[in-house]
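Below: one structure, written as structure tokens.
In UniProt numbering, the protein residues as written are 1 to 293.
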């Protein structure tokens, strides 16, 4: 194959990937519209504008304007990524542009993450807001949680507050990174007694068999006084999948003793979380938290 043919092939593959990403976004949008329609939601497509406490003006695609009134108005528009006011910010890209990259960068730095009262009501009693537009915790699953709480509060007769504790996060890099609960600095601030840190760095069995030398690293943070697990983090294959399960355990107030008494699934990387018996270090109560950049 000559150089011209190779470049043509690479260009075709890149365009195919871009098209695939666009098709997936359109497919997901179609699913959401169908779900709304099946739930009996009537859709009015256009640009919405709140013009009163109980009134919304919609400019339709053809330019005509319609007005609608409602007892409750929910703002759930999402938001656009904002460039930070930092030197060199013009050299970076926004998350939306990542799907159009022609090749994987050798190195990358990821920066950012994104109302009113605790029930998502604004200062106007008839207007509510959920999701990224509130700039609380800018994650899609958090927006879903807020929307569910809104529906229970307003229409279900069950006043519900979103719970922002122990939300799992992930960076889908290679290898992926995922965390849930407190960081070391946060745990120090929220713990009255000593803080126990358990860590492990190892080569998963599937890597040793294949000859891959890529390490997996894990960490657990434990309140020495109560034995409660305060945080967990992992960098390695399947980290987000594993951390989702651990997030559920932390939500239930799991202890280190419960981790230790859990039977591991062998051979898996996840079993390392239930076999870390010896603390790596103990941070004494009253230690001043160090802020890492």
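By construction, the Cβ of each residue, glycine as well, lies at the ideal position given by its N, Cα and C atoms.
Let me confirm a value: residue 131 is counted as buried when at least 16 other C-beta atoms fall within 10 Å, else exposed. Which label applies? buried
Within 10 angstroms of its Cβ, does residue 166 collect 16 or more other Cβ (buried), or is it exposed?
buried
- Is it right to say residue 101 is buried, meaning 16 or more other beta carbons lie within 10 angstroms of its own, or is it exposed? exposed
* To do: Could you say which of 119, 176 and 258 lies nearest to residue 229 if we only look at CA atoms?
  => 258
Open item on the list: residue 218 and residue 179 - do their beta-carbons sit closer together than 8 Å?
Closed with: no
message: Closest to residue 60 by C-alpha separation, out of 128, 50, 71 and 44, would be which residue?
response: Of the candidates 128, 50, 71 and 44, the one whose C-alpha sits nearest the C-alpha of residue 60 is 44.
Please state the DSSP three-state secondary structure of residue 164. Three-state DSSP puts residue 164 in coil, outside helix and strand.
Checklist entry - Touch check for the stretch 272 to 280 and the stretch 196 to 204: three-plus C-beta pairs under 8 Å? => result Here the stretch 272 to 280 makes contact with the stretch 196 to 204; the two share three or more CB pairs at distances below 8 Å.
Checklist entry - Once you ignore the five residues that flank residue 76 on each side, which residues in its own chain have a CB closer than 6 Å to its CB? => result 130 and 131
Exercise for review: Determine, using beta-carbon pairs with one atom in the stretch 232 to 243 and one in the stretch 208 to 224, whether at least three such pairs fall under 8 Å.
Suggested key: yes
Legend entry - Status (buried if at least 16 other CB within 10 Å, exposed otherwise) for residue 113: Low confidence applies to residue 113: its pLDDT is 45, below 50, so where it sits in the model is not reliable, and the reading given next is rough at best. Exposed, since its Cβ has fewer than 16 Cβ neighbours within 10 Å.
Our contact map puts residue 139 next to residue 181 with C-beta atoms below 8 Å; I'd like the distance itself, whole angstroms only.
Residue 139 to residue 181, Cβ: 15 Å. No contact.
key: Buried versus exposed, by CB contacts within 10 Å (16 or more), residue 66   = exposed
Margin query: Are the CB atoms of residue 41 and residue 48 within a distance shorter than 8 Å?
Written below: no
*Could you check if residue 264 is buried or exposed, using at least 16 other CB atoms within 10 Å of its CB as the buried criterion?*
exposed
TODO: Check each candidate in 126, 82, 92 and 39 and name the one with the smallest Cα separation from residue 107.
DONE: 92
Discussion item. Can you find the residues in the same chain that come closer than 7 Å, C-beta to C-beta, to residue 187, ignoring five residues on each side of it along the sequence?
Written reply: 195, 221, 230 and 231
Neighbour-count burial assignment, residue 150, 16 or more Cβ in a 10 Å radius
buried
ask   = Where do the ends of the beta strand (DSSP E) carrying residue 243 lie?
value = Counting along the chain, residue 243 falls outside any beta strand (DSSP E), though it belongs to the alpha helix (DSSP H) covering 239 to 251.
Going by DSSP, what residues sit across from residue 65 in a beta bridge?
59
Given a cut-off of 8 Å on the beta-carbon distance, is the pair residue 277 and residue 197 in contact?
no
**OP:** State the Cα-Cα distance for the pair residue 32 and residue 104, rounded to the nearest angstrom.
**Re:** 30 Å
message = Please give me, in chain order, every unbroken run of the beta strand (DSSP E) with length at least 3 that falls completely inside the stretch 67 to 103.
response = 73 to 75
*Does DSSP put residue 32 in a helix, a strand or coil?*
helix
Can you tell me whether DSSP reads residue 149 as helix, strand or coil?
-> helix
Practice task
Identify which residue in 268, 46, 246 and 118 has its Cα closest to the Cα of residue 170.
Solution key: 246
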